[in-house]
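Peer 1:
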Amino acid sequence: NNLYQQESQLAKQQVEQVAGNINESIERLKGISLVFSRDEDTRRALRRFGANVAPSTLGYEERKQRWTQDKTLGELNDSLNVAATNLGADIIFIINAAGDCIAAGNAGKPGSPVGSNYADRTYFPQAQAGQRGHQYAMGRTTNVPGLFYVSPVFENGRFLGAAVVKRDITKFAHWINQANAFISDANGVIVLAPDKGLEFLALPDAPIARLSAEKRLMQYKRSTFDTLEITPWTDKRFPAAVRIDGGNLPVVLAEKVLPEDAITLHASRPLGALVRLDTEKYWLFLLLTAAGSMLIVAASAVVLYLRASHRAEADLRIAATAFESQEGIVITDAGNVILRINQAFSEITGYTAADAVGRKMSLLKSGQHDAPVYTAMWERIQRTGAWRGEIWNRR
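Just add 74 to the spot in the sequence shown (first one is 1) and you have our numbering.
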C-alpha cells in the first residue's frame with residue numbers, strides 16, 4: 075500500500091511539474107496576442123476592412139496574393155515575423171471582422187494563413203464576444219496541430235478582428251516524454267503523447283462524440299475517433315489503479331485541467347511493482363514452508379534490494395522531469411566540458427545538444443568581459459562550491 079501511495083503522489087507531482095512548464099510557455103503566447111491586439115499597426119490595418127466587412131468574394135489565390143503584396147500590410151507582416159522569431163511563437167496572424175486572415179508573420183511562405191478564413195474556428199465567436207479565445211486545432215494551411223490563442227480588437231465598441239498566436243503542439247513533447255504524460259484537448263481527444271498510437275484516441279465519454287462529423291473534419295481533419303479503453307484494475311485495494319488500452323499491468327493516472335488553455339494534462343505511473351510484490355510474498359511463503367528461517371533472511375534481503383532499486387529509479391525519473399524546466403540548465407564534467415543540456419537552454423541560446431555537448435562552456439563566451447571577471451568567478455566556485463551573478467553570454 076505504501077508503494078501505491080508513493081506512485082500516486084509521484085504522478086501528481088509530475089503532472090503539476092509539466093503543467094507549470096507548459097502554462098508558463100502558454101502565458102507568454104497569450105501576452106503576444108494581447109500586445110498585437112492593442113498595436114496601432116494592427117488597428118490601422120483592420121480599420122481598412124471595417125467592422126461590417128463580409129468574407130472576401132475574391133478567389134483564394136487572388137486575395138492571398140493581393141494581401142501579401144500590399145505594402146501597408148507588408149509592414150505589419152514584418153512586425154509579426156520579428157515577434158514570432160524572437161518570442162517563441164510558431165505563427166502570429168491577424169484576422170478581420172469576417173474571419174479572413176489579412177496578415178501573418180510568414181506571409182508569402184508555404185503554409186501562410188493569409189487569404190484563409192477562420193470564422194468557423196471556436197475561438198472566432200469567443201473573440202467576437204470580447205473574450206480571449208483559445209482552441210486546439212489542425213493547422214488549416216500547414217496540417218500541423220497546435221494551440222491557438224486569440225485576443226479581440228475592438229474600437230468604439232465595434233469588433234474589428236483579432237490577433238491570433240499559434241504554438242505547434244509538438245513543441246511540448248520534451249516535457250510530455252520526460253513525465254510519461256499525455257495531453258487531451260477540450261473535446262477529450264488525446265493530441266500529444268509519447269506513444270503515438272494514443273494520439274487522436276478519445277477518452278471515455280469525451281465531448282468529441284457530441285460534435286458533428288462536419289465540425290470534427292474542420293477542427294481535426296478527420297471525422298472518426300476510436301476510444302481509449304481505461305478500465306479499473308481488479309484489485310480493490312488500489313481504487314485509482316487502472317488498465318489502459320488492455321495493458322497487462324496497472325497504472326495510476328493523475329490529471330491537471332488547464333481550462334484557460336483548453337487542454338488537460340494526464341501523467342501515468344506504472345504499478346507493475348504491486349504485482350511483483352504479490353509474487354514476492356507468494357514465494358517467500360513457499361520458502362518459509364520449504365527451507366526454514368535462514369533462507370528467508372537471504373530472500374528478504376534480495377527483496378529489500380529490489381525495492382530500494384525501484385525507489386532509486388523513481389527518484390531519477392523525477393530528477394529528469396525537473397531537469398526539463400523553463401530555466402536553461404547545463405551539466406559539465408570537472409574539466410568544464412558540457413555533458414548535457416536541457417530544451418530550455420537550446421531555446422534560450424540557440425545551441426542544440428549536437429552543437430554543445432562535448433564542447434566547453436567557453437562556447438558561450440561573448441567577449442564582453444575581461445579575463446579577471448572569469449578568474450574571480452572560478453576562484454569563488456573552487457573555494458565555496460557556488461557562484462551567483464550575471465554574465466553577458468553569446469546567443
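Built from N, CA and C at the ideal position, the CB exists for glycine as well.
1. Express the C-alpha separation of Leu413 and Tyr425 in angstroms, rounding to a whole number.
2. Distance check for Thr146 and Gly441, CA to CA, integer angstroms please.
3. In angstroms, rounded to a whole number, what distance separates the CA positions of Ser111 and Thr298?
4. Where do the ends of the beta strand (DSSP E) carrying Thr305 lie?
5. Less than 8 angstroms separating the beta-carbons of Thr116 and Leu161?
6. Which of the three DSSP states is assigned to Phe123 in this structure?
7. What's the C-alpha gap between Leu285 and Lys295?
8. In chain order, what residues of the same chain lie with their CB nearer than 6 angstroms to the CB of Trp357, ignoring the 5 residues before and after it?
9. Decide if the stretch 334-347 is in contact with the stretch 317-326; the criterion is three or more beta carbon pairs, one per stretch, under 8 angstroms apart.
10. According to DSSP, Gln209 sits in a beta bridge with which residue or residues?
11. Expressed to the nearest angstrom, what Euclidean distance is found between the alpha-carbon atoms of Arg525 and Ala418?
12. Given Thr305, which residues of its chain have a CB within under 8 angstroms of its CB, disregarding the five upstream and five downstream residues?
13. Which one or two residues does DSSP pair with Asn191 in a beta bridge?
14. Do the CB positions of Ala236 and Val92 come within less than 8 angstroms of each other?
15. Can Lys104 and Asp164 be called in contact, C-beta distance under 8 angstroms?
16. Do you know offhand how far Asn217's Cα is from Val227's?
17. Could you have a look at Trp357 and say whether DSSP puts it in helix, strand or coil?
18. Per DSSP, Asn416 forms a beta bridge with which residues?
19. Rounding to the nearest angstrom, what Cα-Cα distance links Ala427 and Thr131 in this structure?
20. Tell me, which residues are paired with Gly36 by DSSP?
21. At what residue ranges does the stretch 230-303 contain a whole run of the beta strand (DSSP E), taking only runs of 3 or more?
22. Quick check: what's the CA-CA separation for Gln83 versus Pro313?
23. Find out if the Cβ-Cβ distance for the pair Met435, Asn410 is shorter than 8 angstroms.
24. Verify whether the separation of the beta carbon atoms of Tyr197 and Gly207 is less than 8 angstroms.
Peer 2: So, to answer that:
1. Rounded to the nearest angstrom, the two C-alpha atoms are 14 angstroms apart.
2. One Cα belongs to Gly441, the other to Thr146, and the distance between them is close to 40 angstroms.
3. If I take the Cα positions, the gap works out to 36 angstroms.
4. DSSP places Thr305 inside the beta strand (DSSP E), whose first and last residues are Ile304 to Pro306.
5. If you check the CB distance, Thr116 and Leu161 do not come in under 8 angstroms.
6. DSSP places Phe123 in helix when its eight states are reduced to three.
7. When rounded, the distance between both Cα atoms is 13 angstroms.
8. Residue placement at Trp357 is poorly supported in this model, since its pLDDT is 49, which falls under 50; the coordinates are not used for a value here.
9. With contact defined as three or more Cβ pairs closer than 8 angstroms, the stretch 334-347 and the stretch 317-326 are in contact.
10. Among the bridge pairs identified by DSSP, Gln209 is matched with Phe222.
11. Given that the chain is displayed from residue 75 to residue 469, the structure contains no residue 525 and the question cannot be resolved.
12. Residues Val316 and Arg317 of the same chain have their beta carbon placed closer than 8 angstroms to that of Thr305, with the five preceding and five following residues left out of the count.
13. Answer by DSSP bridge pairing, in chain order: Asp174.
14. In this structure, Ala236 lies away from Val92, with their beta-carbon atoms at least 8 angstroms apart.
15. No.
16. If I take the Cα positions, the gap works out to 27 angstroms.
17. For Trp357, the predicted structure reports a pLDDT of 49, less than 50, and the residue's modelled location is therefore unreliable. A value from the coordinates is still provided. Helix at Trp357.
18. Paired residue(s): none; Asn416 is not in a bridge.
19. C-alpha separation (whole angstroms): 49 angstroms.
20. In the structure displayed, the chain extends from 75 to 469; residue 36 sits before or after that span and is not available.
21. For the stretch 230-303, whole beta strand (DSSP E) runs of length 3 or above, ordered along the chain, are 232-242, 255-259 and 264-266.
22. Distance between the alpha carbons of Gln83 and Pro313 is about 14 angstroms.
23. Result yes, Cβ atoms of Met435 and Asn410 sit closer than 8 angstroms.
24. Note that the C-beta distance between Tyr197 and Gly207 is below 8 angstroms.
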